[in-house]
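Written out below as structure tokens is the structure these notes cover.
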Amino acid sequence: MTDKLVLMSHHLCPYVQRAVIALEEKGIPYERKYIDLANKPDWFLEISPLGKTPVLTVNGTPLFESSAILEYLEDTQLYPLHPVDAIERARHRAWMEFGSSVLNDIAGLYNAKTAFDFDLKVKTLSAKFARLENELTEAPYFDTSGFSLIDVIFGPVFRYFDVFDVIDNFGVISNKPKVSRWRKTLSEHSSIRTAVSSDYDERLWQFLLNRKSHLSTLMH
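Here our numbering = 1-based position in the sequence shown + 1186.
As structure tokens, then:
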């Protein structure tokens, strides 16, 4: 009997995108249910202790937090996205955490109220992508192991820059050829490309505009 998987989602959440990409990579049937995080139903709060998406229910049992969901899928499903070697697997997990810290900095960027705070976040992100530039190989993905969970993490990260670049070139990824190539590869990867709805860019644009932050002022 096939497990019934239901993924509680939000249109813009990069952590939801992680779960979608992994499910698609593994070819697992699942249902996607969208949650209005501004008006969370009581039943959702009962299964999501932090009130966040994603939540994956497996035959009714809820799993919350994207990292736990990804590890569950690795433990139970075919087509592993982690390396077999234990050291490489641990290394990949560490870089996945690095990817989460980049997402936090991106949130700091679009929430920054002043030009000064915005510029600080630009510098922080530029330094992190410079670190990635030094870590990347000439492989199309993060490294020579092929498409992995690190790529799952960074697909949604780069998606933000597709919209940021329409506003201005903030120089975060400039002069980083390996990062730029990796970004292009991930943008063309099927599971990443289809992880969001067709109106994602428009939704993200409106979300950023509504922040009433320094970035919002640059969008007019």
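Heads up, the beta-carbon is just placed ideally off N, CA and C, and yes, glycines get one too.
Every value quoted in this text rests on a predicted model; they were computed, and no experiment measured them.
(request) Report the three-state DSSP secondary structure of residue 1306 (helix, strand or coil). (result) helix
(message) If contact is defined by three or more beta carbon pairs under 8 Å, each pair taking one atom from either stretch, is the segment 1228–1236 in contact with the segment 1359–1376?
(response) no
(request) Keeping to the same chain, check which residues put their C-beta closer than 7 Å to that of residue 1198; ignore five residues upstream and five downstream. (result) 1389, 1390, 1393
(request) Evaluate residue 1341 with the Cβ neighbour count: other Cβ atoms within 10 Å of its Cβ, from every protein chain shown; 16 or more gives buried, anything less gives exposed. (result) buried
(message) Per DSSP, what are the beta-bridge partners of residue 1248 in this structure?
(response) 1243
(request) Determine the direct distance from the alpha carbon of residue 1256 to that of residue 1264, and round the result to whole angstroms. (result) 13 Å
(message) Please state the DSSP three-state secondary structure of residue 1265.
(response) coil
(request) Could you say which of 1266, 1218, 1259, 1345 lies nearest to residue 1379 if we only look at CA atoms? (result) 1345
(request) State the DSSP-derived secondary structure class of residue 1373, mapped to helix, strand or coil. (result) helix
(message) In the DSSP assignment, the alpha helix (DSSP H) including residue 1411 goes from what residue to what residue?
(response) A query on residue 1411 cannot be resolved here, the shown segment of the chain reaching from 1187 to 1406 and no further.
(request) Determine the contact status of residue 1216 and residue 1192, defining contact as a CB-CB distance below 8 Å. (result) yes
(message) For residue 1372 and residue 1336, I'd like the C-alpha separation in whole angstroms.
(response) 11 Å
(request) With a threshold of 16 other CB atoms inside 10 Å of the CB of residue 1436, please say whether the residue is buried or exposed. (result) This structure does not reach residue 1436, given that the chain is present from 1187 up to 1406, and the question cannot be answered.
(request) Might you give, ordered along the chain, the residues of its own chain that have their beta carbon closer than 7 Å to the beta carbon of residue 1377, omitting 5 neighbours on each side? (result) 1207, 1210, 1211
(request) Compute the Euclidean distance between the alpha carbons of residue 1196 and residue 1381, then round it to the nearest angstrom. (result) 11 Å
(request) May I ask which residues mark the beginning and end of the alpha helix (DSSP H) holding residue 1349? (result) 1335–1353
(request) For residue 1386, write down the residues that DSSP places opposite it in a beta bridge. (result) For residue 1386, which the question treats as bridged, DSSP gives no partner whatsoever.
(message) For residue 1402, tell me which candidate among 1299, 1204, 1277, 1288 has the shortest Cα-Cα distance.
(response) 1299
(request) Would you kindly work out how many angstroms separate the C-alpha atoms of residue 1324 and residue 1268, rounded to a whole number? (result) 19 Å
(request) Would you kindly work out how many angstroms separate the C-alpha atoms of residue 1338 and residue 1369, rounded to a whole number? (result) 12 Å
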